[in-house]
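J.: So that we are looking at the same thing, I have put the structure below in structure tokens.
If you want it as structure tokens, here you go:
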């Protein structure tokens, strides 16, 4: 079987549509993961064991179960409970929720790495809790964890094809639709695979540069 | 859920998931150690090829690779892979690339003096690897391998999209048969969480044993 460039050309419009959806999921999913992760991380540090323990169990459960099954769970079970979301919304929520449990661990490590003297200084200056967090702890923690968060964004990018399982029109699903119409499987799928490497590799170089910059 | 559904779909599904995990973990470990050790090889060409492998297979999504092995490779090379093998190959190759980074990191963390001592004793590179580097590096790699194994376990769910009858696929069939989703998907998630717990516990036990052999405690 030979490589057919005209099939690549035919696939191009769909490819761009798919790429747009993939990036949309990635951006919105990252925002959810970053914010929700912070909520979990705050839960890890809560004073009461009644908060810490459930947060720990829930995040551990989400982190050790497959995203694909979580996608199906949200996609099929939410409507049974009377919540109707589009496939795209469900997918974005699921991926954001899944990765929030990873970013929570990253935040936790970052916050733990802030020297105890900083906390003590904030207490000595009798800063209110929100000032302590927003102006003392988080700016120092975020600097350390930016590369780790970047790595999880790349991991999220590589998990977006899973959304094809619930018929979101991202790159993989677009290539499947194209193949179903034209019976050409080689070109669309290969284009999508190459696209992932072309996006993920420069992104990982970027993260590595960031890591080197922030280390000093 | 009736007993029939458990007996005919879910339990065999769990067994398939375990087989997939074992198969791709074995292949992944082979790839990880081969590529990871190649990245510390003295020839730049070998190091470059190993680096290229890691970047490509870490860059491409495991699901895309699986589809590619399943739909694109057969017409190109003229033979078809059984879905189960395509799945194990895709999972092993891509998670092996992540593992290679762990192996590289572990080998780099061994103090340089140890390698130099191996040179001073005129060990061959292979003897140095086998008797000096690996015994010290492997126990340090175990926690990272444990995380990767959990990722791999979650990755096995992807095969259900190719129609391999793992526990996720069984959940899909049960949903179609019973027209109810909440129960079966909750059960499926719990099954994965329990499998993950077993993996974590066994890796912890192994880590403890391996580090005891080195005279290092586990944190």
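Protein chains in written order, with this note's numbering: chain P, 1 to 216; chain L, 1001 to 1219.
Glycine included, each C-beta is placed from N, C-alpha and C at the ideal position.
Cβ closer than 7 angstroms: which chain P residues qualify as neighbours of residue 1059/L?
T.: Taking a Cβ-Cβ cut-off of 7 angstroms, the neighbours of residue 1059/L in chain P comprise 196, 197, 200 and 201, given in sequence order.
J.: Report buried or exposed for residue 1042/L, applying the criterion of at least 16 other Cβ atoms within 10 angstroms of its Cβ.
T.: exposed
J.: Does the segment 190-210 of chain P touch the segment 1122-1135 of chain L, meaning 3 or more C-beta pairs lie closer than 8 angstroms?
T.: no
J.: Tell me the rounded alpha-carbon separation between residue 39/P and residue 108/P.
T.: 11 angstroms
J.: I'd like to check one pair, residue 1027/L with residue 1064/L: are the Cβ atoms closer than 8 angstroms?
T.: no
J.: Please list, in chain order, the chain L residues whose beta carbon lies closer than 7 angstroms to that of residue 153/P.
T.: The contacting residues do not exist; residue 153/P stays about 14 angstroms from chain L at best.
J.: Under the three-state reduction of DSSP, which class applies to residue 1041/L: helix, strand or coil?
T.: coil
J.: Reducing DSSP to helix, strand and coil, say where residue 113/P ends up.
T.: Looking at residue 113/P - three-state DSSP - the assignment turns out to be coil, as it is neither helix nor strand.
J.: Between which residues of its own chain and residue 114/P is the CB-CB distance below 7 angstroms, once the five residues before and five after are set aside?
T.: 137, 140 and 141
J.: Under a Cβ-count criterion, where at least 16 other Cβ atoms within 10 Å of its own Cβ denotes burial, should residue 1077/L be classed as buried or exposed?
T.: With a threshold of 16 other beta carbon atoms within 10 Å, residue 1077/L falls short and is exposed.
J.: Check whether the Cβ atoms of residue 152/P and residue 201/P lie closer than 8 angstroms to each other.
T.: no
J.: So residue 1202/L contacts chain P; which residues on that side make the cut at Cβ distance below 8 angstroms?
T.: Near residue 1202/L there are no residues of chain P at all, since even the closest Cβ is about 14 angstroms away, more than 8 angstroms.
J.: Taking the straight line between their C-alpha atoms, what separation do you get for residue 1006/L and residue 122/P?
T.: Computed Cα separation, rounded: 57 angstroms.
J.: Which residues in chain P sit within 9 angstroms of residue 1150/L, going by Cβ to Cβ distance?
T.: 63 and 64
J.: Could you name the residues of the segment 1158-1189 of chain L whose beta carbon sits closer than 8 angstroms to any beta carbon of chain P, in the order they occur along the chain?
T.: 1158, 1160, 1161, 1168, 1171, 1172, 1175, 1180, 1181, 1182, 1185, 1186, 1188 and 1189
J.: Which chain L residues are close to residue 192/P, counting only those with a beta carbon under 7 angstroms from its beta carbon?
T.: 1064
J.: Out of 212/P, 181/P, 213/P and 214/P, which has the shortest C-alpha to C-alpha gap to residue 7/P?
T.: 181/P
J.: Please report how far the alpha carbon of residue 37/P lies from the alpha carbon of residue 104/P, in whole angstroms.
T.: 4 angstroms
J.: Give a yes or no on whether the minimum CB-CB distance between residue 1038/L and chain P is below 8 angstroms.
T.: no
J.: Mark residue 4/P as exposed unless 16 or more other C-beta atoms lie within 10 angstroms of its C-beta, in which case mark it buried.
T.: exposed
J.: Using the Cα positions of residue 1102/L and residue 1145/L, report the straight-line distance between them to the nearest angstrom.
T.: 7 angstroms
J.: Quick one: does residue 77/P have its CB under 8 angstroms from some CB of chain L?
T.: yes
J.: Should residue 1055/L be flagged as near chain P, meaning a C-beta pair shorter than 8 angstroms?
T.: yes
J.: Is the shortest distance between the beta-carbon of residue 13/P and the beta-carbons of chain L less than 8 angstroms?
T.: At a cut-off of 8 angstroms between beta carbons, residue 13/P makes no contact with chain L.
J.: Could you check whether the Cβ of residue 1170/L sits closer than 7 angstroms to any heavy atom belonging to the ligand NAD?
T.: The ligand NAD is not among the ligands present in this structure, which contains no ligands whatsoever.
J.: Rounding to the nearest angstrom, what Cα-Cα distance links residue 1011/L and residue 1025/L in this structure?
T.: When rounded, the distance between both Cα atoms is 21 angstroms.
J.: For a contact meaning CB atoms closer than 9 angstroms, what does residue 172/P contact in chain L?
T.: 1061, 1063, 1064 and 1067
J.: Since residue 1196/L meets chain P, which of its residues come closer than 7 angstroms, beta carbon to beta carbon?
T.: By Cβ distance, chain P contributes 64.
J.: Give a yes or no on whether the minimum CB-CB distance between residue 68/P and chain L is below 8 angstroms.
T.: yes
J.: Would you identify the three-state DSSP class for residue 133/P, choosing helix, strand or coil?
T.: helix
J.: Please classify residue 116/P as buried or exposed, where buried requires at least 16 other C-beta atoms within 10 Å of its C-beta.
T.: exposed
J.: For residue 1107/L, tell me which candidate among 1094/L, 1085/L, 1132/L and 1096/L has the shortest Cα-Cα distance.
T.: 1132/L
J.: What residue from 127/P, 93/P and 194/P has the CA that sits closest to residue 73/P's CA?
T.: 93/P
J.: Closest to residue 70/P by CA distance: which of 1033/L, 1181/L, 1203/L and 1207/L is it?
T.: 1181/L
J.: Looking at the unbroken alpha helix (DSSP H) that takes in residue 971/L, where does it start and where does it end?
T.: As displayed, chain L neither begins before 1001 nor continues past 1219, which places residue 971/L out of reach and without an answer.
J.: Within the chosen definition, does the segment 9-22 of chain P reach the segment 163-178 of chain P through at least 3 CB pairs nearer than 8 angstroms?
T.: yes
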